[in-house]
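If you're matching them up, the sequences are chains A and B in order.
Count along the first sequence starting at 1, add 579, and that's the number in the working numbering.
Count along the second sequence starting at 1, add 841, and that's the number in the working numbering.
Ideal Cβ placement from N, Cα and C applies to all residues, glycine included.
It should be emphasised that the depicted structure is a prediction, and the values quoted were computed from it without experimental measurement.
First the structure, in the form of structure tokens, and then the observations on it.
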Amino acid sequence: MIQRAYLDNNATTPTDPRVVEVMLPYFSDKFGNASSRNHAYGWEAKEAVDHAREQVAELIGAHPNEIVFTSGATESNNLALKGLLNEGNHFITCATEHKAILDPAESLAAKGIDVEILPVQSDGLLAINAFKKVISDHTRLVSIMMANNETGCIQPIKELSTITHSNQALFHTDATQAVGKVPVDVNELGIDLMSFSSHKMYGPKGIGALYIRKETKIRSLIEGGGHERGIRSGTLNVPAIVGFGKACELCKQEMEEEAKKIKMLRDKLEESLLSIKGTQLNGGIENRLPNVTNIAFTGVDGERLLLSLNGLAVSQGSACTSAVVEPSHVLKAMGIPDQLANSSLRFSLGRFTTKEEIDFAIQKVTAAVHKLRK
Amino acid sequence: MRELKTIIEAYKQATAEGIKTVLATVVHVDGSSYRRPSARMLVDEHGITTGAISGGCLEGDALRKALHALVQNRNVLISYDTSDEADAVVGAQLGCEGIIQVLFEPMNAKDPMNPIQLLEQIIDSQNPYVMVTLFKLKDKRGEQSGCTLLLKDGAKTLGSIDDSSLQEAILKDAVTVFEEKRSLFRAYEEDQTTHNAFIEYFAPAVSLVIVGAGNDTQGLALMAETLGWNIYVVDGRPSHASESRFTSSCQIIVAKPEEALQNIPINEHTVFVLMTHNYHYDLSILNRILPYDQVPYIGILGPKKKFQRMVDELKEKGIEISQEQLDRIYAPIGLEIGAETPEEIAISVLSEINAVLNGTKGTFLRDKQGHIHTKENTQFDTLKI
């Protein structure tokens, strides 16, 4: 019998050993600075970065020159929003976005940008009609996340980008939870800018990317050295970039099979947990990631529940706000009452999730819920 | 051809001094670019370059890639996308919109398939050759075979490919290349891999026979030499046709018209210019070269009246110039560029020959519809093997 299980892959994933392996030489033997233009140490590093950039671009159907490496999705989101919006611009986003969109949006609003935060329906999807009503030719940017980190809900990106483009605005998406889990093609989906991160897809932490469609002009937030075509200065984190590239390559190769396997395990977990009385699924059952389920356990305090699940790693609300005791803003936006939102847990599976872990989780949660309800 | 000669010279000198070199070859261009496939540049270990693969926009990066290939001692394939204006590598450029594939091959003097040694063999010969360079566009970081086969007169003379079905397919395509006299790009698809081949056609160098060794042909010979052509200077006057008066690569023939052509190989790459200022000498040579149907160009200096007199005189002797022959005669010689001085005339004549050999009109490019270079035949036609 196993003693612990990790079902918090939407918070972060373990780095795949195959990724670690390709990264290692770039800490020691191949330590060169990719910007050293005039010796072999630099060329070696540059070659590795070029290769990684191709691997990253390949996964999302982009051109390598459209990829800017950043420290992660939070930075990518900040860069996309602050690099594009000017005083007086109209910006549309939605209530279930990650704080990495909502917080910059708030600070932009304070600087005179006209920020519009749209509500969502009970299934988590953006109401298209409400969107159509507020968008106009004054809109500069629309940012709607591809897949929600808490519910896995996938927004109709293509439809949204089409409406956006017909109003001559740009479309950004925070695709951190989607890239590597489901097929994402920036051209097919009509995406102009896209944030994503390495550590959500079995790559190392501290590295991510912003996809910027060719000929989209963006202002840099970090200056000094002109790295990444001047859009993001700072010596490139070569080992992490190499790892990110490899992680993308592996996702490209294995995503299809992996998603099937993970979905099967997720469905089993979900079915078992929903068979407990007084439970409900948060969000729609369609249009969502194959690896997440978000379940409300009526009458049980979520935090109390988490602490009684000794050995099982799951989360309540999104990981980044877990320092604050407040019901999840995502569930709230979907119209779920605070008390129920506080009784909800997110289970997120991954590449390395086993059947044993699922059985362990079912057993632990079932026992804990029964015990806490007594 | 001239550029190849300087590359070969630079290679020989470097090798003799024990200096390592890398050959960069443009193996494919998709779109427009200043230099076309076949353009080559040699880089030695000190970073000294000979030849060029672009109009200057790629050389800086290509130099570094070449040196890196040398450090790694392996063939490397690099793509340059000149359509991307924001690209830091390509930087300021001509506004060309093309994707250029450059293969970097470190040279090894002991390798029988050393491309530079093969190129030397090719340009020293009067025969057409085909060189096959293999690479993998879909696996740019994988092993790039590079120069693998050499064919002469339609048959393989050097090199071999382990994969017999691939070799067979390439040899078959090479036959077409010899027939059509132009290079071919091909993607051979096998189960797992796609082999890209640049099946490169080398026409024998143009031989220019300059009939007349006056002061005005000295400049012509000098300029033709820079094109890498073989030059023959023919005249009856030893005082004029002397080695001291002409550039060193010229072959000087002092002879009467009836003996003048004996030692000149005449084929479809041989062109003539009649510039003796001696009516009878020119006429006599014309009379002797008319029967060679394969000669694509005969230029005659002087006004239309002079040529008409030649036609009439030959007719009196019972020699009728056919329309087909007239089509190959350019009299008065040269393109209309307002040439007055011998050097200007030389430019006018060489431009005309170049246009005739390439089947173009010799007019302003700005008046041309569409692309500068003919776009046909630049795609990788896929063949399953």
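As DSSP reads the structure, T814 of chain A sits in no beta bridge.
Comparing alpha carbon positions, the residue from B:Q1164, B:D1168, B:A907, B:F1148 closest to T866 of chain B is B:A907. If the five residues before and after T1067 of chain B are omitted, its C-beta is found closer than 6 angstroms to the C-beta atoms of R843, all from its own chain and listed in chain order.
Those residues of the stretch 603-627 of chain A placed with their C-beta closer than 8 angstroms to a C-beta in chain B are R616, N617, A619, W622, E623, E626, ordered along the chain. Non-local beta-carbon contacts of E1099 of chain B in its own chain, meaning distances under 8 angstroms to residues more than five positions away in sequence, involve S1125, R1129 in chain order. For A865 of chain B, the enclosing beta strand (DSSP E) begins and ends at 862-872. Residue burial is scored here from C-beta neighbours: E1020 of chain B has fewer than 16 other C-beta atoms within 10 angstroms and is therefore classed as exposed. Excluding its 5 nearest sequence neighbours in each direction, K981 of chain B has C-beta neighbours in its own chain below 6 angstroms: L918, listed in chain order. Residue environment: T932 of chain A is assigned as buried (16 or more neighbouring CB atoms within 10 Å of its CB, all protein chains considered). For the stretch 902-920 of chain B, the set of positions with a beta-carbon nearer than 7 angstroms to some beta-carbon of chain A reads R905, H909, V912 in chain order. The Cβ neighbour count for E935 of chain A, taken over all protein chains shown within 10 Å, is under 16; the residue is labelled exposed. Taking a C-beta distance under 8 angstroms as the contact criterion, L705 of chain A and V694 of chain A do not qualify as a contact pair.
Between H669 of chain A and chain B, the shortest Cβ-Cβ separation is not below 8 angstroms.
Under the DSSP assignment, P947 of chain B falls outside any alpha helix (DSSP H), being part of the beta strand (DSSP E) whose first and last residues are 939-947. Contact note: H949 of chain A does not reach chain B at a C-beta cutoff of 8 angstroms; the least C-beta distance is about 55 angstroms. Inclusion of F1039 of chain B and P969 of chain B in the CB contact set at 8 angstroms is not warranted, their separation being larger than that value. Not flagged as an interface residue toward chain B: H677 of chain A, since no C-beta distance is shorter than 8 angstroms. Runs of the alpha helix (DSSP H) spanning 4 or more residues and lying entirely within the stretch 1116-1169 of chain B occur at 1120-1130, 1145-1157, 1164-1169, in chain order. In the structure shown, F1039 of chain B adopts extended strand secondary structure according to DSSP, grouped into three states. If you check the CB distance, A624 of chain A and K609 of chain A come in under 8 angstroms. In terms of beta-carbon proximity, R1023 of chain B stays away from the interface with chain A, with every pair separated by 8 angstroms or more. Under the three-state reduction of DSSP, S920 of chain B is assigned to strand.
Remark: three or more beta-carbon pairs, one from each stretch, lie closer than 8 angstroms, so the stretch 1076-1090 of chain B and the stretch 1048-1062 of chain B are flagged as touching. Chain A has no Cβ within less than 8 angstroms of the Cβ of R877 of chain B. M580 of chain A counts as exposed, since fewer than 16 other C-beta atoms from the protein chains shown sit within 10 angstroms of its C-beta. Any Cβ of chain A closer than 8 angstroms to the Cβ of R881 of chain B would place that residue at the interface, and such an atom is absent. Judged by DSSP in its simplified three-state form, Y620 of chain A adopts helix. A contact between stretches requires three or more CB pairs, one per stretch, nearer than 8 angstroms, and the stretch 1131-1144 of chain B meets this requirement with the stretch 1103-1117 of chain B. With respect to L848 of chain A, T877 of chain A sits apart: the two C-beta atoms are not nearer than 8 angstroms. Taking C-beta atoms as the reference points, I940 of chain B and S920 of chain B count as a pair closer than 8 angstroms.
Between E886 of chain B and I860 of chain B a beta carbon distance of about 6 angstroms is seen, short of the 8 angstroms cut, so the two are scored as contacting. With respect to the 8 angstroms criterion, I1051 of chain B and V1074 of chain B are classified as neighbours on the basis of their beta carbons. With 16 or more neighbouring CB atoms inside 10 Å of its own CB, F976 of chain B falls in the buried class. Residue range 890-892 is occupied by the beta strand (DSSP E) that includes G892 of chain B. With respect to I786 of chain A, A757 of chain A sits apart: the two C-beta atoms are not nearer than 8 angstroms. Cβ contact annotation for L1007 of chain B (same chain, cutoff 8 angstroms, sequence separation greater than five): Y1029, E1031, H1036, I1226, in chain order.
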